[in-house]
Amino acid sequence: MDGGKTMAPWAAAQSAAHLTELVLFLSVHLDRAPGVLWPEYEHPALGAPEWSQVLDGLALELGPGAGLVARSGGTGNPAAHRVVHQVEGAGTWRLSGDRGGAGTDGFRCRLRSGEVLYIPARWSWSVELTPAGRYVLTDLAPV
Numbered sequence: 027m028d029g030g031k032t033m034a035p036w037a038a039a040q041s042a043a044h045l046t047e048l049v050l051f052l053s054v055h056l057d058r059a060p061g062v063l064w065p066e067y068e069h070p071a072l073g074a075p076e077w078s079q080v081l082d083g084l085a086l087e088l089g090p091g092a093g094l095v096a097r098s099g100g101t102g103n104p105a106a107h108r109v110v111h112q113v114e115g116a117g118t119w120r121l122s123g124d125r126g127g128a129g130t131d132g133f134r135c136r137l138r139s140g141e142v143l144y145i146p147a148r149w150s151w152s153v154e155l156t157p158a159g160r161y162v163l164t165d166l167a168p169v
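Each step along the sequence shown adds one to the number in this note's numbering, with nothing skipped, and position 15 is 41.
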């Protein structure tokens with residue numbers, strides 16, 4: 027996961043804790059409604075090149091029953107669920123989508139550095155970032 031180098035014990039523990047939090051969060055929100063996570067642990071590789079290997083672990087942790095594969099960067103696939111990690115600054119996120127035939131709903135939130143947003147499949151989104159704002163987008167798409 028770290029390019030052949032040994033991950034420091036604190037980084038490995040933080041990595042595992044972050045993935046556990048994320049999997050629990052997604053198990054509640056996946057296919058239901060948008061949600062915001064204020065994680066206790068940040069992942070040490072977030073935004074780094076080895077993040078793609080972390081995504082492989084996330085897909086495995088969600089389990090084969092979920093039938094999803096994690097991809098970095100946003101694929102444009104409308105069937106993909108999206109996970110946003112706000113890595114720097116802040117952003118105001120606006121979502122719009124359909125909650126299973128109950129009409130169109132809107133969702134608005136402000137993410138600060140370290141926070142996570144889940145965007146359900148088929149929901150549209152827009153963001154207004156602060157000048158220092160930066161985020162990492164992950165798609166969870168059907169296999």
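Cβ atoms here follow ideal geometry from the backbone N, Cα and C, with glycine treated the same way.
Computed from a prediction, not measured in an experiment: that's the story for all the values here.
request  = Could you tell me the distance, in whole angstroms, from the CA atom of residue 111 to the CA atom of residue 122?
outcome  = Residue 111 sits at position 85 when you count from the first residue of the sequence shown. Residue 122 sits at position 96 when you count from the first residue of the sequence shown. Answer to the nearest angstrom: the Cα atoms are 19 Å apart.
task = Return the bridge partner residues of residue 133 from the DSSP annotation.
result = For this step, residue 133 is matched to residue 107 along the sequence shown. Residue 133 is bridged to 121.
task = Give me the Cβ distance between residue 169 and residue 109, rounded to the nearest whole Å; I'm assuming they're in contact under 8 Å.
result = Start at 1 with the first residue of the sequence shown, and residue 169 comes out as number 143. Start at 1 with the first residue of the sequence shown, and residue 109 comes out as number 83. Actually they do not touch by this definition, with Cβ atoms about 17 Å apart.
task = For residue 98, name the three-state secondary structure that DSSP assigns.
result = Along the sequence shown, read from residue 1 onward, the residue named residue 98 stands at position 72. Residue state, collapsed to three classes: strand.
Expected contact under 8 Å - CB spacing of residue 137 and residue 116 to nearest Å = Position 111 of the sequence shown, counted from the start, is the residue given in the question as residue 137. Position 90 of the sequence shown, counted from the start, is the residue given in the question as residue 116. Indeed they touch by this definition, with Cβ atoms about 6 Å apart.
message = Quick check on this structure: which residue in 107, 65, 46 has the alpha carbon closest to the alpha carbon of residue 55?
response = In the sequence shown, residue 55 corresponds to position 29, counting from 1. With distances taken between Cα atoms, residue 55 lies closest to 107.
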